[in-house]
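Numbering of the sequence shown is given in UniProt numbering, commencing with residue 1 and proceeding in unit increments.
Yeah, the Cβ is synthetic: ideal placement off N, Cα and C, and Gly gets one too.
All values derive from a computational prediction rather than experimental measurement.
A short worksheet on the structure shown next.
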Amino acid sequence: MMTDVVPYTFRQDADYSYITGCQQPGGVAVLGRDWGLCMFMPEAKPHDVLWQGQIAGVDAALESFKADKAFPMSKLREVLPEMIRQSSKLFHNGYTATSAYTNLEAYQRAAYGGKVKDLSIYTHELRWKKSPAELKLMRESASIACQALLQTMMHSKMYPHEGILSAKIEYECRIRGAQRMAFNPVVGGGSNGSVIHYSRNDRKIKDQDLVLMDIGCELHGYVSDLTRTWPPSGSFSSAQEELYDLILQTNKKSMELCGPGTTIREIHKYSVDMLLKGFKEIGLLKNGGTNSLRYDQLNPTSIGHYLSMDVHDCSTISYDRVLEPGVVITIEPGVYIPDDFDGPDRYRGTGIRIEDEVLITETGYEVLTGSMPKEVKHIEALLNNYSRGGVEGLFNDARVVSS
(Lines of atoms letter the chains of each structure in order from A and count residues from 1; the text may use other names and numbers.)
(Lines give C-alpha, C1' and ligand atoms only; values in the text may rest on other atoms or scores of the structure.)
Protein backbone atom coordinates (compact mmCIF):
# COMPACT_ATOMS: atom_id res chain seq x y z
CA MET A 1 0.00 0.00 0.00
CA MET A 2 1.30 3.44 -0.90
CA THR A 3 1.72 6.29 1.58
CA ASP A 4 -1.48 7.98 2.67
CA VAL A 5 -0.38 11.41 1.37
CA VAL A 6 -0.48 10.24 -2.25
CA PRO A 7 -3.59 11.74 -3.95
CA TYR A 8 -5.26 8.78 -5.65
CA THR A 9 -7.41 9.39 -8.72
CA PHE A 10 -11.08 9.50 -7.76
CA ARG A 11 -13.82 7.79 -9.77
CA GLN A 12 -17.40 8.73 -9.03
CA ASP A 13 -20.02 6.12 -8.15
CA ALA A 14 -22.00 5.34 -11.30
CA ASP A 15 -25.42 5.91 -9.73
CA TYR A 16 -24.39 9.26 -8.21
CA SER A 17 -22.90 10.33 -11.53
CA TYR A 18 -26.02 9.23 -13.43
CA ILE A 19 -28.35 11.23 -11.18
CA THR A 20 -26.26 14.37 -10.64
CA GLY A 21 -23.53 14.54 -13.29
CA CYS A 22 -21.11 15.56 -10.52
CA GLN A 23 -17.67 13.90 -10.66
CA GLN A 24 -16.37 15.42 -7.42
CA PRO A 25 -15.99 13.51 -4.12
CA GLY A 26 -17.31 14.60 -0.77
CA GLY A 27 -20.97 15.35 -1.51
CA VAL A 28 -24.39 13.91 -0.72
CA ALA A 29 -27.39 13.97 -3.08
CA VAL A 30 -30.98 13.56 -1.88
CA LEU A 31 -33.94 13.01 -4.21
CA GLY A 32 -37.41 13.68 -2.84
CA ARG A 33 -40.91 14.06 -4.23
CA ASP A 34 -41.42 17.39 -2.44
CA TRP A 35 -38.01 19.02 -2.99
CA GLY A 36 -36.61 17.41 -6.14
CA LEU A 37 -32.83 17.05 -6.28
CA CYS A 38 -31.05 18.48 -3.25
CA MET A 39 -27.24 18.44 -3.21
CA PHE A 40 -24.98 18.96 -0.23
CA MET A 41 -21.63 20.17 -1.53
CA PRO A 42 -18.16 20.35 0.03
CA GLU A 43 -16.96 23.81 0.98
CA ALA A 44 -13.81 25.30 -0.51
CA LYS A 45 -11.15 25.94 2.11
CA PRO A 46 -8.02 27.94 1.19
CA HIS A 47 -5.73 25.04 2.14
CA ASP A 48 -7.67 22.57 -0.05
CA VAL A 49 -7.79 24.98 -3.00
CA LEU A 50 -4.03 25.54 -2.75
CA TRP A 51 -3.26 21.81 -2.82
CA GLN A 52 -6.08 20.37 -4.94
CA GLY A 53 -7.59 23.22 -6.95
CA GLN A 54 -11.05 24.71 -7.11
CA ILE A 55 -13.98 22.81 -5.60
CA ALA A 56 -17.51 22.82 -7.05
CA GLY A 57 -19.78 24.23 -4.37
CA VAL A 58 -23.39 25.28 -3.92
CA ASP A 59 -23.42 27.59 -6.95
CA ALA A 60 -22.13 24.80 -9.21
CA ALA A 61 -24.79 22.43 -7.88
CA LEU A 62 -27.54 24.87 -8.87
CA GLU A 63 -26.07 26.14 -12.14
CA SER A 64 -24.09 23.21 -13.57
CA PHE A 65 -25.82 20.17 -12.08
CA LYS A 66 -29.32 21.73 -12.11
CA ALA A 67 -30.13 20.82 -8.50
CA ASP A 68 -33.42 22.18 -7.19
CA LYS A 69 -31.82 22.93 -3.83
CA ALA A 70 -28.23 23.03 -2.62
CA PHE A 71 -26.51 23.45 0.73
CA PRO A 72 -22.93 23.32 1.96
CA MET A 73 -22.03 20.05 3.71
CA SER A 74 -21.87 21.95 7.01
CA LYS A 75 -25.68 22.27 6.83
CA LEU A 76 -26.31 18.55 6.35
CA ARG A 77 -26.81 17.75 10.03
CA GLU A 78 -29.34 20.56 10.24
CA VAL A 79 -31.30 20.01 7.01
CA LEU A 80 -31.23 16.26 6.29
CA PRO A 81 -32.83 14.99 9.53
CA GLU A 82 -36.00 16.94 8.77
CA MET A 83 -36.09 15.48 5.24
CA ILE A 84 -35.76 12.00 6.72
CA ARG A 85 -38.55 12.60 9.22
CA GLN A 86 -40.88 13.79 6.43
CA SER A 87 -40.31 10.61 4.39
CA SER A 88 -42.23 7.36 4.79
CA LYS A 89 -39.50 5.38 2.96
CA LEU A 90 -35.79 5.89 2.43
CA PHE A 91 -33.57 4.42 -0.28
CA HIS A 92 -29.78 4.57 -0.29
CA ASN A 93 -26.72 2.89 -1.80
CA GLY A 94 -25.07 0.93 0.98
CA TYR A 95 -21.82 0.54 -0.97
CA THR A 96 -21.20 4.30 -1.10
CA ALA A 97 -22.89 5.31 2.16
CA THR A 98 -21.04 7.94 4.16
CA SER A 99 -21.00 8.43 7.91
CA ALA A 100 -21.97 12.05 7.23
CA TYR A 101 -25.57 10.80 7.14
CA THR A 102 -25.52 7.22 8.46
CA ASN A 103 -24.42 8.53 11.87
CA LEU A 104 -27.41 10.87 12.08
CA GLU A 105 -29.90 9.84 14.74
CA ALA A 106 -32.81 10.39 12.32
CA TYR A 107 -31.25 7.99 9.79
CA GLN A 108 -30.48 5.35 12.39
CA ARG A 109 -34.05 5.50 13.70
CA ALA A 110 -35.35 5.03 10.15
CA ALA A 111 -32.99 2.11 9.53
CA TYR A 112 -33.96 0.45 12.81
CA GLY A 113 -37.63 0.85 11.88
CA GLY A 114 -37.14 -0.86 8.50
CA LYS A 115 -37.69 2.29 6.43
CA VAL A 116 -34.33 2.11 4.59
CA LYS A 117 -34.25 0.11 1.34
CA ASP A 118 -31.68 -0.57 -1.37
CA LEU A 119 -31.60 2.24 -3.94
CA SER A 120 -29.52 0.36 -6.54
CA ILE A 121 -32.46 -1.88 -7.47
CA TYR A 122 -34.12 1.21 -8.94
CA THR A 123 -31.10 3.06 -10.31
CA HIS A 124 -29.90 -0.06 -12.12
CA GLU A 125 -33.33 -0.38 -13.70
CA LEU A 126 -32.99 3.19 -14.98
CA ARG A 127 -29.46 2.64 -16.29
CA TRP A 128 -29.95 -0.82 -17.84
CA LYS A 129 -31.29 0.43 -21.17
CA LYS A 130 -29.29 3.20 -22.81
CA SER A 131 -30.57 6.43 -24.33
CA PRO A 132 -29.34 7.55 -27.78
CA ALA A 133 -26.96 9.99 -26.07
CA GLU A 134 -25.53 7.21 -23.89
CA LEU A 135 -25.12 4.90 -26.89
CA LYS A 136 -23.20 7.62 -28.72
CA LEU A 137 -20.69 7.72 -25.86
CA MET A 138 -20.50 3.92 -25.72
CA ARG A 139 -19.81 3.71 -29.45
CA GLU A 140 -17.09 6.33 -29.10
CA SER A 141 -15.57 4.55 -26.09
CA ALA A 142 -15.59 1.24 -27.99
CA SER A 143 -14.04 2.89 -31.04
CA ILE A 144 -11.22 4.36 -28.96
CA ALA A 145 -10.55 0.95 -27.39
CA CYS A 146 -10.45 -0.75 -30.80
CA GLN A 147 -8.10 1.83 -32.32
CA ALA A 148 -5.85 1.70 -29.27
CA LEU A 149 -5.71 -2.10 -29.19
CA LEU A 150 -5.00 -2.23 -32.91
CA GLN A 151 -1.99 0.05 -32.43
CA THR A 152 -0.85 -2.01 -29.44
CA MET A 153 -1.17 -5.26 -31.38
CA MET A 154 1.03 -3.87 -34.14
CA HIS A 155 3.52 -2.68 -31.50
CA SER A 156 3.76 -6.13 -29.92
CA LYS A 157 6.01 -7.75 -32.52
CA MET A 158 8.78 -5.23 -31.88
CA TYR A 159 8.16 -4.90 -28.12
CA PRO A 160 6.93 -8.28 -26.76
CA HIS A 161 6.72 -7.30 -23.10
CA GLU A 162 3.62 -7.16 -20.90
CA GLY A 163 4.65 -3.89 -19.25
CA ILE A 164 5.36 -2.12 -22.51
CA LEU A 165 2.05 -3.23 -24.02
CA SER A 166 0.21 -2.13 -20.87
CA ALA A 167 1.79 1.32 -21.15
CA LYS A 168 1.11 1.46 -24.89
CA ILE A 169 -2.61 0.71 -24.57
CA GLU A 170 -3.13 3.42 -21.95
CA TYR A 171 -1.22 5.94 -24.04
CA GLU A 172 -3.22 5.12 -27.16
CA CYS A 173 -6.54 5.39 -25.28
CA ARG A 174 -5.68 8.69 -23.65
CA ILE A 175 -4.42 10.45 -26.77
CA ARG A 176 -7.78 9.62 -28.36
CA GLY A 177 -9.70 11.35 -25.59
CA ALA A 178 -10.35 8.69 -22.94
CA GLN A 179 -10.20 10.09 -19.43
CA ARG A 180 -8.89 6.85 -17.89
CA MET A 181 -8.71 3.11 -18.33
CA ALA A 182 -11.89 1.28 -17.32
CA PHE A 183 -9.75 -1.18 -15.33
CA ASN A 184 -6.13 -2.21 -15.01
CA PRO A 185 -5.28 -3.81 -18.37
CA VAL A 186 -4.84 -7.57 -18.42
CA VAL A 187 -1.71 -8.32 -20.46
CA GLY A 188 -1.01 -12.02 -20.05
CA GLY A 189 1.79 -13.56 -22.08
CA GLY A 190 2.03 -17.34 -22.32
CA SER A 191 0.75 -19.09 -19.19
CA ASN A 192 -0.06 -15.72 -17.60
CA GLY A 193 -2.97 -15.57 -20.04
CA SER A 194 -4.54 -18.49 -18.16
CA VAL A 195 -4.94 -16.22 -15.10
CA ILE A 196 -8.31 -14.61 -15.78
CA HIS A 197 -7.69 -11.27 -14.05
CA TYR A 198 -3.90 -11.26 -14.35
CA SER A 199 -2.57 -7.80 -13.44
CA ARG A 200 1.19 -7.97 -12.80
CA ASN A 201 2.04 -7.16 -16.42
CA ASP A 202 5.79 -7.46 -15.77
CA ARG A 203 7.04 -10.34 -17.93
CA LYS A 204 8.73 -10.58 -21.28
CA ILE A 205 6.58 -12.49 -23.77
CA LYS A 206 8.47 -15.49 -25.08
CA ASP A 207 8.80 -16.38 -28.74
CA GLN A 208 5.83 -18.44 -29.95
CA ASP A 209 3.73 -17.49 -26.90
CA LEU A 210 0.30 -15.92 -27.20
CA VAL A 211 -0.60 -12.72 -25.39
CA LEU A 212 -4.11 -12.14 -24.05
CA MET A 213 -5.07 -8.47 -23.64
CA ASP A 214 -8.32 -7.51 -21.90
CA ILE A 215 -8.68 -3.73 -21.96
CA GLY A 216 -11.24 -0.97 -21.75
CA CYS A 217 -11.31 2.79 -21.46
CA GLU A 218 -13.70 5.34 -20.00
CA LEU A 219 -15.16 8.26 -21.92
CA HIS A 220 -17.26 10.75 -19.94
CA GLY A 221 -18.40 8.05 -17.53
CA TYR A 222 -19.07 5.26 -20.08
CA VAL A 223 -16.72 2.33 -20.41
CA SER A 224 -15.62 -0.16 -23.04
CA ASP A 225 -14.47 -3.76 -22.57
CA LEU A 226 -12.58 -5.66 -25.26
CA THR A 227 -10.31 -8.72 -25.37
CA ARG A 228 -8.10 -10.11 -28.12
CA THR A 229 -5.48 -12.87 -28.08
CA TRP A 230 -2.66 -13.11 -30.60
CA PRO A 231 0.94 -14.29 -31.17
CA PRO A 232 3.32 -11.28 -31.19
CA SER A 233 5.63 -13.40 -33.37
CA GLY A 234 3.08 -13.11 -36.17
CA SER A 235 2.14 -16.78 -36.49
CA PHE A 236 -0.15 -19.11 -34.55
CA SER A 237 1.15 -22.63 -33.96
CA SER A 238 -1.16 -25.42 -35.08
CA ALA A 239 -2.22 -26.15 -31.48
CA GLN A 240 -2.79 -22.45 -30.74
CA GLU A 241 -4.85 -22.03 -33.90
CA GLU A 242 -6.93 -25.12 -33.10
CA LEU A 243 -7.84 -23.74 -29.67
CA TYR A 244 -8.26 -20.20 -30.97
CA ASP A 245 -10.65 -21.27 -33.71
CA LEU A 246 -12.88 -23.03 -31.16
CA ILE A 247 -13.09 -19.84 -29.07
CA LEU A 248 -13.62 -17.70 -32.16
CA GLN A 249 -16.48 -19.86 -33.45
CA THR A 250 -18.06 -19.83 -29.98
CA ASN A 251 -17.77 -16.04 -29.93
CA LYS A 252 -19.47 -15.74 -33.33
CA LYS A 253 -22.20 -18.31 -32.72
CA SER A 254 -23.00 -16.87 -29.29
CA MET A 255 -23.38 -13.41 -30.79
CA GLU A 256 -25.85 -14.78 -33.32
CA LEU A 257 -28.19 -15.57 -30.41
CA CYS A 258 -28.16 -11.95 -29.24
CA GLY A 259 -31.36 -9.99 -29.72
CA PRO A 260 -34.60 -9.01 -28.02
CA GLY A 261 -36.17 -11.92 -26.17
CA THR A 262 -33.09 -13.94 -25.24
CA THR A 263 -31.10 -13.81 -21.98
CA ILE A 264 -27.45 -13.85 -20.99
CA ARG A 265 -28.15 -17.12 -19.17
CA GLU A 266 -29.45 -18.76 -22.37
CA ILE A 267 -26.46 -17.52 -24.37
CA HIS A 268 -24.14 -18.78 -21.64
CA LYS A 269 -25.71 -22.26 -21.69
CA TYR A 270 -25.31 -22.42 -25.47
CA SER A 271 -21.65 -21.39 -25.22
CA VAL A 272 -20.94 -24.02 -22.54
CA ASP A 273 -22.46 -26.76 -24.70
CA MET A 274 -20.42 -25.63 -27.70
CA LEU A 275 -17.16 -25.45 -25.75
CA LEU A 276 -17.77 -28.80 -24.03
CA LYS A 277 -18.23 -30.45 -27.42
CA GLY A 278 -15.13 -28.73 -28.78
CA PHE A 279 -12.96 -29.56 -25.76
CA LYS A 280 -13.87 -33.23 -26.17
CA GLU A 281 -13.11 -33.21 -29.89
CA ILE A 282 -9.59 -31.85 -29.39
CA GLY A 283 -8.82 -34.04 -26.38
CA LEU A 284 -8.93 -31.49 -23.56
CA LEU A 285 -11.86 -33.36 -22.03
CA LYS A 286 -12.74 -37.03 -22.16
CA ASN A 287 -16.12 -38.67 -22.26
CA GLY A 288 -17.12 -39.36 -18.67
CA GLY A 289 -18.93 -38.07 -15.60
CA THR A 290 -16.34 -35.55 -14.33
CA ASN A 291 -16.46 -33.19 -17.28
CA SER A 292 -18.48 -30.49 -15.53
CA LEU A 293 -15.77 -30.10 -12.91
CA ARG A 294 -12.97 -30.15 -15.46
CA TYR A 295 -14.86 -27.71 -17.68
CA ASP A 296 -15.04 -25.23 -14.80
CA GLN A 297 -11.27 -25.50 -14.50
CA LEU A 298 -10.92 -24.58 -18.16
CA ASN A 299 -13.54 -21.83 -18.17
CA PRO A 300 -15.20 -20.80 -14.89
CA THR A 301 -16.57 -17.51 -16.26
CA SER A 302 -19.92 -16.38 -17.63
CA ILE A 303 -20.24 -15.78 -21.36
CA GLY A 304 -20.73 -12.10 -20.62
CA HIS A 305 -22.12 -9.29 -18.49
CA TYR A 306 -23.95 -5.98 -18.75
CA LEU A 307 -21.86 -2.94 -19.65
CA SER A 308 -22.22 0.85 -19.49
CA MET A 309 -21.08 3.14 -16.66
CA ASP A 310 -19.47 0.23 -14.81
CA VAL A 311 -17.62 -2.68 -16.39
CA HIS A 312 -19.78 -5.27 -14.65
CA ASP A 313 -22.82 -3.02 -14.74
CA CYS A 314 -26.26 -3.16 -13.12
CA SER A 315 -25.43 -6.04 -10.79
CA THR A 316 -28.98 -6.21 -9.42
CA ILE A 317 -30.35 -7.12 -12.88
CA SER A 318 -30.52 -10.91 -13.28
CA TYR A 319 -28.86 -12.73 -16.18
CA ASP A 320 -32.27 -14.40 -16.58
CA ARG A 321 -33.78 -11.03 -17.54
CA VAL A 322 -35.00 -10.96 -21.14
CA LEU A 323 -32.77 -8.63 -23.18
CA GLU A 324 -34.32 -5.51 -24.68
CA PRO A 325 -33.22 -2.95 -27.28
CA GLY A 326 -30.77 -0.48 -25.79
CA VAL A 327 -29.04 -2.99 -23.51
CA VAL A 328 -25.29 -3.52 -24.01
CA ILE A 329 -23.63 -6.81 -23.05
CA THR A 330 -20.31 -8.51 -23.62
CA ILE A 331 -19.73 -11.85 -25.33
CA GLU A 332 -16.42 -13.32 -24.12
CA PRO A 333 -15.82 -17.07 -24.41
CA GLY A 334 -12.41 -18.27 -23.31
CA VAL A 335 -10.22 -21.15 -22.26
CA TYR A 336 -7.61 -21.03 -19.48
CA ILE A 337 -5.15 -23.92 -19.33
CA PRO A 338 -2.42 -23.70 -16.66
CA ASP A 339 0.96 -25.35 -17.04
CA ASP A 340 0.00 -28.17 -14.68
CA PHE A 341 -3.33 -29.04 -16.30
CA ASP A 342 -3.82 -32.78 -16.79
CA GLY A 343 -4.25 -32.73 -20.54
CA PRO A 344 -2.34 -32.74 -23.83
CA ASP A 345 1.08 -31.08 -23.52
CA ARG A 346 0.55 -28.95 -26.64
CA TYR A 347 -2.24 -26.95 -24.96
CA ARG A 348 -0.67 -26.36 -21.55
CA GLY A 349 0.18 -22.84 -20.44
CA THR A 350 -2.34 -21.22 -22.75
CA GLY A 351 -5.04 -18.62 -22.20
CA ILE A 352 -7.37 -17.44 -24.97
CA ARG A 353 -10.31 -15.06 -24.72
CA ILE A 354 -12.16 -13.16 -27.45
CA GLU A 355 -14.46 -10.47 -26.10
CA ASP A 356 -16.77 -8.11 -27.95
CA GLU A 357 -19.34 -5.52 -26.93
CA VAL A 358 -22.83 -6.18 -28.28
CA LEU A 359 -25.73 -3.72 -28.39
CA ILE A 360 -29.20 -5.27 -28.48
CA THR A 361 -31.26 -3.58 -31.22
CA GLU A 362 -34.89 -3.71 -32.31
CA THR A 363 -34.07 -6.29 -34.99
CA GLY A 364 -31.04 -8.10 -33.60
CA TYR A 365 -27.67 -6.84 -32.48
CA GLU A 366 -24.80 -4.51 -33.30
CA VAL A 367 -21.18 -5.36 -32.46
CA LEU A 368 -19.68 -2.15 -31.12
CA THR A 369 -16.16 -3.61 -31.28
CA GLY A 370 -16.54 -5.16 -34.72
CA SER A 371 -13.72 -3.08 -36.23
CA MET A 372 -11.07 -4.91 -34.18
CA PRO A 373 -9.59 -7.88 -36.09
CA LYS A 374 -10.09 -11.36 -34.64
CA GLU A 375 -9.76 -13.75 -37.61
CA VAL A 376 -6.46 -15.65 -37.68
CA LYS A 377 -5.67 -14.56 -41.24
CA HIS A 378 -6.33 -10.91 -40.39
CA ILE A 379 -4.22 -10.97 -37.24
CA GLU A 380 -1.28 -12.67 -38.95
CA ALA A 381 -1.50 -10.30 -41.91
CA LEU A 382 -1.61 -7.32 -39.58
CA LEU A 383 1.47 -8.39 -37.63
CA ASN A 384 3.52 -9.53 -40.61
CA ASN A 385 2.70 -6.59 -42.89
CA TYR A 386 3.15 -3.90 -40.24
CA SER A 387 6.95 -3.97 -40.41
CA ARG A 388 6.70 -3.56 -44.20
CA GLY A 389 4.23 -0.68 -43.96
CA GLY A 390 1.46 -2.62 -45.67
CA VAL A 391 -1.40 -2.56 -43.21
CA GLU A 392 -3.37 0.41 -44.47
CA GLY A 393 -6.69 -0.66 -45.93
CA LEU A 394 -6.48 -4.22 -44.60
CA PHE A 395 -9.23 -3.74 -42.04
CA ASN A 396 -12.02 -1.43 -43.09
CA ASP A 397 -14.81 -3.38 -41.36
CA ALA A 398 -17.58 -1.26 -39.92
CA ARG A 399 -19.34 -2.37 -36.77
CA VAL A 400 -21.14 -5.64 -37.42
CA VAL A 401 -24.91 -5.28 -37.48
CA SER A 402 -27.27 -8.25 -37.63
CA SER A 403 -31.02 -8.61 -37.83
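Beta strand (DSSP E) segment containing residue i, residue limits
i      : result
Trp51  : Element bounds for Trp51: not the beta strand (DSSP E) but the alpha helix (DSSP H), Pro46 to Gln52.
Thr330 : Val328 to Ile331
Tyr306 : Careful: Tyr306 lies outside any beta strand (DSSP E) and carries neither H nor E.
Tyr365 : Tyr365 to Val367
Tyr347 : Note, Tyr347: premise wrong, no beta strand (DSSP E); not H, not E.
Tyr8   : No beta strand (DSSP E) contains Tyr8, which DSSP labels as neither H nor E.
Collapsed DSSP secondary structure at residue i in the structure displayed
i      : result
Trp230 : strand
Pro300 : coil
Ala70  : strand
Phe279 : helix
Arg127 : helix
Tyr198 : coil
Arg353 : strand
Glu256 : helix
Ile169 : helix
Gly334 : strand
Phe395 : Here the model assigns Phe395 a pLDDT of 44, short of 50, so the residue's position is not dependable, and the following value carries that caveat. Coil.
Glu43  : coil
Ser238 : helix
Asp339 : coil
Ile55  : coil
Asp273 : helix
Asn251 : helix
His268 : helix
Gly26  : coil
Asp313 : coil
6 Å CB neighbourhood of residue i in its chain, flanking five on each side removed
i      : result
Asn184 : Ser199
Asp339 : Ser191, Arg348 and Gly349
Pro231 : Leu210
Ala56  : Gln24
Leu298 : Val335
Ile317 : His124 and Trp128
Tyr220 : It should be noted that the sequence gives His, not Tyr, for residue 220. Excluding residues within five positions, the ones whose Cβ falls inside 6 Å are Leu137.
Assigned exposure category for residue i - 16 Cβ within 10 Å defines buried
i      : result
Gln208 : exposed
Gly188 : buried
Arg109 : exposed
Arg33  : exposed
Asn287 : exposed
Glu366 : buried
Phe145 : The sequence shown places Ala at residue 145, not Phe. Buried, since its Cβ has 16 or more Cβ neighbours within 10 Å.
Ile121 : exposed
Thr123 : buried
Glu162 : buried
Ala158 : As written in the sequence, residue 158 is Met, which differs from the Ala given in the question. Exposed, since its Cβ has fewer than 16 Cβ neighbours within 10 Å.
Glu82  : exposed
Asp214 : buried
Arg85  : exposed
Glu324 : exposed
Leu31  : exposed
Ala148 : buried
Ala178 : buried
Ala67  : buried
Sequence-distant residues of its chain with Cβ nearer than 8 Å to residue i (five each side left out)
i      : result
Arg127 : Ala14, Asp15, Tyr18, Ser308, Met309, Asp313 and Cys314
Glu375 : Leu248
In DSSP terms, what residue i is bridged to
i      : result
Leu31  : Leu37
Lys204 : His161
His92  : Asp118
Gly188 : Leu212
Val223 : Glu218
Leu359 : Val328 and Glu366
Arg180 : Glu218
Span of the alpha helix (DSSP H), counted from its first residue to its last, around residue i
i           : result
Val79       : Leu76 to Gln86
Leu137      : Pro132 to His155
Asp59       : Val58 to Glu63
Glu105      : Glu105 to Tyr112
residue 404 : A query on residue 404 cannot be resolved here, the shown segment of the chain reaching from 1 to 403 and no further.
Ile19       : Ala14 to Thr20
Tyr319      : Run containing Tyr319: none; DSSP gives neither H nor E here.
Ala100      : Ser99 to Thr102
Same chain only: Cβ atoms within 7 Å of residue i, ignoring 5 sequence neighbours per side
i      : result
Lys130 : Met138, Ser308, Gly326 and Val328
Ile196 : Thr301 and Tyr336
Arg265 : Tyr319 and Asp320
Ser166 : Pro185, Val187 and Asn201
Thr250 : Ser271, Met274, Leu275 and Pro333
Ala182 : Gly216, Cys217, Glu218, Val223, Ser224, Asp225 and Val311
Phe10  : Pro25
Val116 : Leu90, His92 and Ala110
Residue i: CB within 7 Å of a non-hydrogen atom of the ligand FMN
i      : result
Ser233 : The ligand FMN is not among the ligands present in this structure, which contains no ligands whatsoever.
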